[in-house]
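Working notes for the structure below.
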Amino acid sequence: MAKKAFITGILGQDGSYLSALLLRRGYKIYGSELPGASAWRHAELGIAGKARIYTGLKGFESLRELFGRIKPDEVYNLGSQSSVRNSFARPLEAVESDAVGTARLLEAIRRATPRSLFFQATSGLIFSGPGPDGKGRGGLMPQSPYACAKLYSHWLTLNYREFYGIFAVSGILYNHESPLRGENFVTRKIAMAVAGIKKGAKKPLQVGNINVRRDWGYAAEYAEGMRLALAANKPGDYVFATGKTHSVREFIEAAFRAAGMRVLWKGEGLDEKGVDAENGGTLVEISPKYFRPHENKVLEGDPSKTWKAIGWRPKTDFEALASMMVKADSAVLKRNRSAKDVEICIRNQKNAGFVNRII
Ligand code: GDD
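Counting from 8, one number per residue, gives the positions in the sequence shown under our numbering.
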């Protein structure tokens, strides 16, 4: 009998990669999404229409009824209000989606299918980041409504494991990116802009704080880590990260390098600009619009225990990741006709999936 997996946030970046890899392994895939979410990522991966997707799941009872019917072998909780910036603007949404949503799922499992294995996508942002010596991940100290909600879910997952005996895993995921990343996250925003500028778009890339450092890995490999975590003999908590950090500034430089261009930095603070080393044209501007009320300046995970426990470690390095993303967005733009189309794409960055949908 084929194994059955239920994935929340099934049309998102991680949900899409996970669906694709579980389908390849013969699973039947079920999942949930917000009404109106676009299936462009499933189309990109060639799996459109292969998963049964529920968009109208309201509340605990409908979830319990559904789990009782489907009896999923594995449940992956990847659905989330995943943008830290949005969580500052709409904190209640973060609580509802990233905290209460997890409680609902765990309770539905306990009541309807207690033998289901459960994976909770927790975030590296539950930690404070390194101390003054620049080392370590710091203590548990969420610093955004998003991270507070994720920390609640982390602890609840451990509680259901310890006190109810559910096979429940908390996967502490650091930043993971790909050509399927949402356009409001910094790496994809940069990749799209660089692809557009290379094709002739005139509008510079506008970003916020470029000195923050993140631990960036390739999302498809993190989805494989989620599967491995549930394939282990016993449940645990695992860090998914590369163990290396780079600044947003370095990602911008790597992305332009992938497009055969070089950025030089001029000025300071909000007046700093990235200019084209060849012709002096402005490529990057700093905008206060993209600064946050609070910032984790450095986020670095240590995946060494995860390697020992479940045999997972990332393979794609930083330079290869930036290059893959720029190439993917360049390929999409190549199919457009003129630089004007490119300008329109960049202007519509907020409209998630826009570039991919117009091809
Ligand atoms: N989004 C965005 N847009 N971020 C910018 C910009 C910009 O224009 N300019 C600078 N940044 C900085 C942010 O301030 C942040 O420090 C960093 O770039 C990365 O931002 P995001 O890509 O939005 O990701 P994040 O680090 O806040 O959160 C991601 O990683 C977490 C795990 O570490 C998300 O995927 C979270 O859901 C995830 O938990």
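Cβ atoms here follow ideal geometry from the backbone N, Cα and C, with glycine treated the same way.
Set against 7 Å, the gap from the CB of F13 to the closest heavy atom of ligand 1 is not smaller.
The alpha carbon of K322 has as its nearest neighbour, out of A262, E307 and H183, the alpha carbon of H183. Annotation for F192 indicates a beta carbon within 7 Å of some heavy atom of ligand 1.
Taking a cut-off of 8 Å on C-beta distances, the stretch 102-118 touches the stretch 154-169, as three or more cross pairs fall below it.
Using a C-beta cut-off of 8 Å, the stretch 162-178 makes contact with the stretch 117-137, since at least three inter-stretch Cβ pairs fall below that distance.
In the structure shown, V102 adopts helical secondary structure according to DSSP, grouped into three states.
Each residue's CA atom was taken as its position, placing Q150 and G131 some 11 Å apart. Going by beta carbons, L113 and I173 fall inside the 8 Å limit.
For the set E40, Y171 and L64, the Cα lying nearest the Cα of A58 is the one of E40.
Restricted to the stretch 215-250, the beta strand (DSSP E) segments that are unbroken, complete and at least 3 residues in length are 244-247, listed in chain order. Here K11 carries a strand assignment [DSSP, helix/strand/coil].
Per the Cβ contact rule, the stretch 176-191 is in contact with the stretch 245-256 (3 or more Cβ pairs under 8 Å). Apart from the 5 residues on each side of it in sequence, F263 sits with its Cβ closer than 6 Å to the Cβ of V201 and V270 in its chain, given in chain order.
When G63, K65 and G22 are compared, the shortest CA-CA separation from A50 is found for G22. The alpha-carbon separation between S94 and E100 amounts to approximately 7 Å. Within 10 angstroms of the beta-carbon of T62 lie fewer than 16 other beta-carbons, which makes it exposed. Taking C-alpha positions only, G145 is separated from D222 by approximately 15 Å.
By alpha-carbon distance to A230, the top candidate from W319, P137 and R118 is W319. Minimum Cα-Cα distance from Y225 among the listed residues P137, G33, L187 and P242 corresponds to L187.
Placement of the Cβ of E51 at a distance of 7 Å or more from every heavy atom of ligand 1 is found.
Listed in chain order, the alpha helix (DSSP H) runs fully inside the stretch 112-184 are 152-171, counting runs of at least 4 residues. With a cutoff of 8 Å on beta-carbon distance, A12 and I54 are scored as not near each other. Counting along the chain, the unbroken alpha helix (DSSP H) around G203 starts and ends at V193 to K205. A heavy atom of ligand 1 is found nearer than 7 Å to the CB of R221.
Here the alpha carbons of S45 and R234 stand approximately 24 Å from one another. For E307, the shortest separation between its Cβ and any heavy atom of ligand 1 does not lie below 7 Å.
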